[in-house]
Amino acid sequence: MGEIKNQLEEIRNTIEIALFPEQIWIFKQIIAFVTAPNALDHKDKRMNKLDKEEDGFLDKISSSQMQFLNDFEAYAKGDWVDAAKREMETIKKDLETIK
């Protein structure tokens, strides 16, 4: 059993050396499509669902951050307030670039 495992590992290493990563990815996709054609559809559906959930989470984070910033501006006092506001604006811009 160990000998077969070693042979398979050698074949795998040879394939990885001889092919570009893009080619390996294409071959994996072909194998997946032939052996389990529905698997790719399920994967795409899951990815779309995760993308929608991610967008929802980012929207919630953005709205919470905006509410915090509004409350912060209303109640915060002191010299450090301007620096904190600038940092919060940077975070807001970073969140917008993620979307």
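Just so we're aligned, residue 42 is where the sequence shown starts under my numbering, counting upward by one.
For each residue, glycine too, the CB sits at the ideal point set by N, CA and C.
All values derive from a computational prediction rather than experimental measurement.
Starting from residue 97, follow the alpha helix (DSSP H) in both directions and report where the run begins and ends. Element bounds for residue 97: 78 to 116.
Kindly indicate which three-state DSSP category residue 61 falls into: helix, strand or coil? coil
Are residue 110 and residue 129 closer than 8 Å when you measure CB to CB? yes
Quick one: any contact between the region 101 to 110 and the region 120 to 140, if contact means 3 or more CB pairs under 8 Å? yes
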